[in-house]
Amino acid sequence: MKYFKHIIVLIALLFIAPACTNYVDYKAVENYEITADVYFQSKSDYEAAVVGTYDPIQWTYLNVLIGDIASDNSLSGGESATDVIGLQQIDNMTQTPNNDNLTSIWKWMYEGINRANYLEENKSKLDFDGKEILYGEVYFLRAYYYFELVKFFGDVPLFTESRLTATDSGTLQRAPKEEVYTQIEKDLQNAVANLPTSQAQKGRATKYAALALLGKVYLYQDKFTDAANTLEQVIGVYSLVPNYGDQFLKTGENGPESVFEIQYTKASKWYDWGFVPQGTEGNFGIIHNGPRAFSGPTYASGWSFNVPTEDLYNSFSDGDTRKDASILNMAKFAEDNAGYNNGEGVSYAEGYKNTGYFNNKYIPRAGETDGQPELNYLTNYRAIRYADVLLMAAEANNRGSISDDKAQNYLNQVRDRAFGDTAHEITATGSTLTQAIWDERNFELSMEGVHFFDLVRTGQAASKINSFVTGKNEVFPIPQQEVDISGLTQNPGY
Amino acid sequence: MKTIVLSIFISLVGIVVSAQTFEIKGTVADANGMPLPGVSVIVKNTTKGTSTDFDGNFTVTNVNKGDLLEFSYLGYVTKTVTISNNNALNVQLKEDTESLEEVVVIGYGTQKVSKISGSVSTVNKKSIEELKPVRAEEALQGQAAGVNVISNGSPGAKPTVLIRGIPSYTGTDPLVVIDGVSQTLDDLNSLNPSDIESINVLKDAALSAIYGVKGGNGVIVVKTKSGKKNTKTVFSLNSSYGVQSVVNTIKVLNASEYAAILNEASVNSGGNLIYNDLSGLGTGTNWQDQVIVDAPIINHNITASGGSENTTYYLSAGYLNQDGVIGSGDKSYFNRTNFSANFNTDLTDKFKFIVNTSYANIKNSSLSENNIGSVLSNALNFDPTVSPYDANGNFGTSSTITQEIKNPLALINNTYNAGKTNKLNGKLEFQYKLADNFKVTSRFGYTYVDVYGKNFIPLQFYGVGHNSTNANSDLSPIVTTDTDGNTSSTHNRISESYTNYFSYTYELYANYDFKINEDHSFQTVLGASIGKNTGNNITANAEDIPYNSWTYADVSAATGDAASQTSGSWQYVNRNISYFTRINYDYLGKYLLSFTGRVDGSTSFGKNNKFGFFPSASLGWVVSSEDFFKSNVINYLKLRGSYGAVGNDNISPQFSKITTFPKYTFDGNIVSGSALQSIPNDNVSWENQIQYNAGFDLKLFDSKISLTADYFQKTVSDLLFNPTLSLYLGTPVYPAANIGKTKSYGIDASLSYNDSFSDNFKINTNFSFTTSTNKVEDINNGDKFIWGAGYGIPYTPLTRFEQGFSPGYFYGYKTDGIFQNQTEIDAHATQNGAQPGDIKYTDVNGDGVVNDNDRTKIGDPFPDFTLGWNVSLNYKDFDFNVFTYASVGADIYRAYDRNLNYTNKFSSILDRWTGEGTSNTEPRVTFIDTNNNRRASDRYIEDGSFVKIKNIQLGYTLPESVYKTTGFTHIRIYTQVKNAFVFTNYSGYDPEISSGVLDTGIDRGTYPQPRIFSIGVNVKF
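So the protein sequences, as listed, match chains A and B.
Residue numbering for the first sequence follows numbering that gives the first Met the number 0, starting at 0 and increasing by one per position.
Residue numbering for the second sequence follows numbering that gives the first Met the number 0, starting at 0 and increasing by one per position.
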């Protein structure tokens, strides 16, 4: 082996040169990435994480659309019978567990919950001024997300301690909705205790927002006394705007009637269709409601989903200012604007299930978007309005047999504003009053995404919604993917 | 001084003593009489000798009568001549066919084919020169058995290359090694195919395991050309000019047919006639004719190669310009300029220095392709009653189609993008010979790429209310005013980006070859490698380009406000470290044995699994060398078998990432937030692929016929992918995990026949066969499948990667004809919304309801097998080559129908159902499709089998007498037709549809491969 010496040298070279095996270790900071192990070390990290917890509440546009499409208020619409098939099926009450829209709602609400839980997990890492308020917001948001899930799906997996990780996949089962409601109440009570009555920044949850949501949660469980007590704490804090329709305009955002409002802006000028609704700060629900290929003043083109039925339009009494504020009657609008564009007039293309009516509360309006127009509508979603609080308080007082006087009072505040006089006040009591309150809810809140859940909650769904199957359609199916992956039980009938 | 005097003295004595010696002159030529330069001429058993000059001449002095002169030259049979007198010797050397095929480049060394016990496919420069591909992969299609190449018609686009099936989910691109330097398949876009000496595809684990974790998808080893020592400079010039054209068009409705069908659909759904008078419509506009153009392709290459005593060189310059056949040449082109220089120098007897440098400049521009927004999709779906231009010379618009689909000419006009790539790659290599059989190599290989891209989205108009319109008809911005009187406006937009990629590999290894007792030969390699890849990008966007014009389209010229100027960046890095070894052993060249092993460490792996070990072993037995083997028919028979492990680390490094992307709006202002975006899997490791190979090499009838066949089986366990986890985990990116298993098996074989019937007539034909069957054995992932690609608006998912099925198969409903009447609907399983004339879907699970659960496998986009057949004939000065490629058994899913009420339809709709018994294949037309007849179903599946005559070439080499005095040594002219004929039943443009593995075979209006007629000339001087 005369090359022995060389071989030794070579082997030495081979193993000395790359001997540093940490050469293949990876540190995220090499790519300027922030990692979990360096996070939650300053107040600003907590503040940012709370903002991150608000973020998914902007992704609730489908929740709102379905709240009316599933009910007798509106039809699916769209381009054709196969456009957003998930919504088409929900309109026909033929939804199956394979419904992309329902899957999105499930995932997005759970993302919100996980973000809230991530803050819970890191709660003890640092103390700072204002921490209680921040966590009050977190609990409010978690309750909001869980409430959406319970409304849509009934029993759902419940977890609150920390963000789930990959190893938690498939380990959870559905918790009875009573348990979920208990957690929601607990979170909201926490929020009530820690949130201030007003926040410097519009859009943040306040104590009253938490009370209003808590009252709603009680009402959904028919806990009328708790509901009445809770909601009445909000009464008098807000006021009804004089002109009903104004609050749905841009100028009416975050107005005196707004208890909690999901905030949107056109300022992000988002262009990427591939990352919607997460990427944009605009309201992706708005474009769905607009008339197709629209040419005319005030409004802008949209996709003609969620079109109000003629029955809904005609259900309003004469003199009810909410009729045309809630629903755009396109024929009438065209008549009124016949001179538009040098006499060309107003035109639009009829979509699938066209009724000639459009959702005038949440509709693309000219000049209210930027960037890719479809993705950036600035319209806030008025999640809880004072009128809703009044009607809920009325219902709680009436159905809880607490005070029909109070109930009438609250109800009539809403009606007086709507008709601009006191001539339309209701004087009924008992179950007649109950029905009047329920009907009033839809005159007041139609096309705001609450009607289907009201119908279900009050047992009216089967009588009002075609093809509604009692014992099945009160809740939507658990996404098939979740059943397959996590072994969750399916809701009955699906 | 003393020594000089002494030598002079000795020389003088020598002259005196050797009075009987004489000088001998002569020439050495090959079998065709072409002089051979650089042939070694040695007086046997002495050190006396010389080598032939550029014209094959030699002179040897001081020879004696009876001396033996030995003529040797690489690639030729060594010849020995006994000197009888001093007459000039004219020696002819025969090509050594045994040794020419011989040496193949494998990882970290070369090996004689006769001693290889692994599985390799080789494509040599002759095939590449005949085919003249734009990208090197094209030359592998049908020529390298075991490699399945699915070509892409778009200029310069990367094809799908699968070596032995689809083992992995995370990527199937093989490793590409160019002159020892590891690169990627993407890098082949910048390599000039005419610089390639050979391509060897390392198919089995025995050969690819030396590349360890990178070798899982096979390895393509490219060797570029180099010069030869002691040859004068040979210049070679190749030029060609071709015209490309599209052969097939798709039959769509003309204007009258379109109007009639719309009328019927409207009436069927309770509406009124849309066109009251069809008589004036005529045939209208065929939009395909408007967008498909004949386009040129130009190719020039010049090379210079040669060498001196110590140095060889190969210099090359190339230029290629290919315009697209869709749209126009200024909107769709691929333009490549290459320069490369390969130098090889003996610094000393022992010390060799090699420097290869290659520079490429690529300019390209493209139009949208293979999606619903592509030019072809628009041409197929747009309203045929609209004229290309209106009376004012503006682009024609449709008042009824108001979304996505638009005048394709306007789309072409409004598409502006440009890409520029500058790329430098090469290597610096030192080889040090410790001894004749012991060599140390130190190699630094690098790739440096700068990619610049620009994209301009102008203000554009497709009709009032069209969702792609962002301008008024005069192209002024649309200004809208909200209730407060605030205005907002549409804008044109510009985006520019710079991306830099840099990667290097440093390798240090030693090759030591030795024999024990002469009979036992060993070839060994031991080495280490360290490498790094980085990428950096920065992108800037802005609005409001002056004059809405491409001329001014640059971020620097944009006049938009500060809020409209946005930027972004990204970067990545990964590193590898590896140790490897190989021992090849043979006993008398009869019994072959090989072991390789590689240890790889990677930043991609989880903390707990930083290093992987990839061993392999192979055995070979040259049966024909055995004494007992006597056959006049079989000249050579070798049996081979191998077993080994390779890997795949195709994942990104993992960590708990806090993203600062989430935002919310307070007080109308956007506030940045944060969320946990990804969670690491500390245990993630490489995919572990175990591969078996068994094969044989056979030569028959004086080696005129040779057959090589291999059977392989691959099992990938620990398959890497991002699992679908419980949805209640939310939306973060969950880590890649090793949770699946696939299995592939198949056969690849090649058969060749070479013969000379006379000096004037030679034939060379080669036949290759490739097949593989792939199956996903296991996905340890909740629902046992992952969606792959889909199509259309609304998006319809179509392909799946699912346990128990082949990867990327088509998933949808099975159809069972058309419901002829209500009775049939009532008799069938419940199918919501069905009416007579609608499609009947099969109730696959038999539960009495047709719903999502009845979807099943409806097709497979990968072929059962592919065949390539190449024939070359030489007759006197003519040469003729035909290459045929066939792919059998692949399914295609037609997905180019936009399906709007007013979009154009395909001619098949003329045979629609219009009443009982009228059709059992095409459903009724309606504007209200309550049955969802357009759902993903086997109705859209077609057989994508095809036979393509890929290449026909006829060349003529001018007789030397023509250019004798001009200084040229070789002039050949040729004419070539690429994609000459396609035989297929597929109704679309082209049955070859290339994309990602889970996106293969979906025809969204795929870019057809054009037929190219070209003429060219090859000149040497």
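The beta carbon of each residue, even a glycine, is placed where N, CA and C say it ideally should be.
Spatial neighbours of residue i within its chain, please: C-beta separation below 7 Å, excluding the five flanking residues on both sides.
i: L410 (chain B); result: V374 and N377
i: T723 (chain B); result: N780, G781, D782 and I785
i: I112 (chain A); result: R141, Y144 and Y145
i: I678 (chain B); result: S655, P731, Y733 and P734
i: N309 (chain B); result: T344 and D345
i: F332 (chain A); result: V345
i: K330 (chain B); result: S364, L366, I411 and T414
i: Y511 (chain B); result: N436, F437 and T523
i: L99 (chain B); result: Low confidence applies to L99 (chain B): its pLDDT is 46, below 50, so where it sits in the model is not reliable, and the reading given next is rough at best. Closer than 7 Å at Cβ, skipping near neighbours: G74.
i: Y503 (chain B); result: F443, G444, Y445, G530 and K531
Identify the continuous beta strand (DSSP E) that holds residue i and give its terminal residues.
i: W912 (chain B); result: It is not in any beta strand (DSSP E) - W912 (chain B) carries neither H nor E in the DSSP assignment.
i: Y380 (chain A); result: Y380 to R384
i: L427 (chain B); result: Y415 to A434
In three-state DSSP terms, what is residue i?
i: Q479 (chain A); result: helix
i: V881 (chain B); result: strand
i: A395 (chain A); result: helix
i: G211 (chain B); result: helix
i: T664 (chain B); result: strand
i: D585 (chain B); result: strand
i: S6 (chain B); result: The pLDDT assigned to S6 (chain B) is 49, lower than 50, so where the model puts this residue is not dependable; a value taken from the coordinates is nonetheless given after this. The answer is helix: DSSP assigns S6 (chain B) an H, G or I state.
Which residues in the same chain have their Cβ closer than 6 Å to the Cβ of residue i, if we skip the five residues on either side of it in sequence?
i: G117 (chain B); result: D203, A205, L206, S617 and S641
i: N1021 (chain B); result: What is shown of chain B runs 0 to 1020, which leaves residue 1021 (chain B) out entirely.
i: Y415 (chain B); result: F455 and W549
i: S871 (chain B); result: N763 and N880
i: I326 (chain A); result: P307, Y312, Y356 and N359
i: I972 (chain B); result: Y955 and V1016
i: D66 (chain B); result: V42 and I82
Cutting at 8 Å between CB atoms, please list the residues of its own chain near residue i, excluding the five before and the five after it.
i: S472 (chain B); result: N393, F460 and V463
i: K471 (chain A); result: N490, P491, G492 and Y493
i: V102 (chain B); result: T109, Q110, K111 and V112
i: A135 (chain B); result: I127, L187, L190, P192, I195, I198 and V221
Would you grab the beta carbon distance between residue i and residue j for me? Rounded to a whole angstrom, and I think it's under 8 Å.
i: Q690 (chain B); j: V645 (chain B); result: 7 Å
i: Y500 (chain B); j: G530 (chain B); result: In fact, because the Cβ distance is near 13 Å, the residues do not count as touching under 8 Å.
i: L389 (chain A); j: Y409 (chain A); result: 4 Å
i: G987 (chain B); j: I249 (chain B); result: 6 Å
i: N72 (chain A); j: G85 (chain A); result: Not confirmed; about 18 Å, so no contact.
How far does the alpha helix (DSSP H) with residue i in it reach, from first residue to last?
i: N189 (chain A); result: K176 to N193
i: Q287 (chain B); result: W286 to V290
i: F293 (chain A); result: Per DSSP, F293 (chain A) belongs to no alpha helix (DSSP H); it is in the beta strand (DSSP E), R291 to S294.
i: Y109 (chain A); result: D99 to E120
So, does the CB of residue i fall closer than 7 Å to a CB anywhere in chain C?
i: L239 (chain A); result: Here chain C cannot be found, since the structure's protein chains are A and B.
* Asked: Name the residues in the segment 112 to 138 of chain A whose C-beta lies less than 7 Å from a C-beta of chain B; which are they?
  -> Under the 7 Å Cβ criterion, the segment 112 to 138 of chain A contributes N113, R114 and Y117.
* Going along the segment 552 to 563 of chain B in order, which residues come within less than 9 Å of chain A, judged by CB to CB distance? -> Among the residues of the segment 552 to 563 of chain B, those with a Cβ less than 9 Å away from any Cβ of chain A are A562 and S563, in the order of the chain.
* What residues in the segment 157 to 175 of chain A bring their beta carbon closer than 9 Å to a beta carbon of chain B? -> F158, R162, L163, T164, A165, D167, S168, G169, T170 and L171
* Asked: What residues in the segment 663 to 678 of chain B bring their beta carbon closer than 9 Å to a beta carbon of chain A?
  -> Cβ contacts with chain A come from Y663, T664, F665, D666, G667, N668, I669, V670, S671, G672, S673, A674, L675 and I678.
* **Where the segment 879 to 906 of chain B meets chain A: residues whose CB sits under 9 Å from a CB there** => N898, L899 and N900
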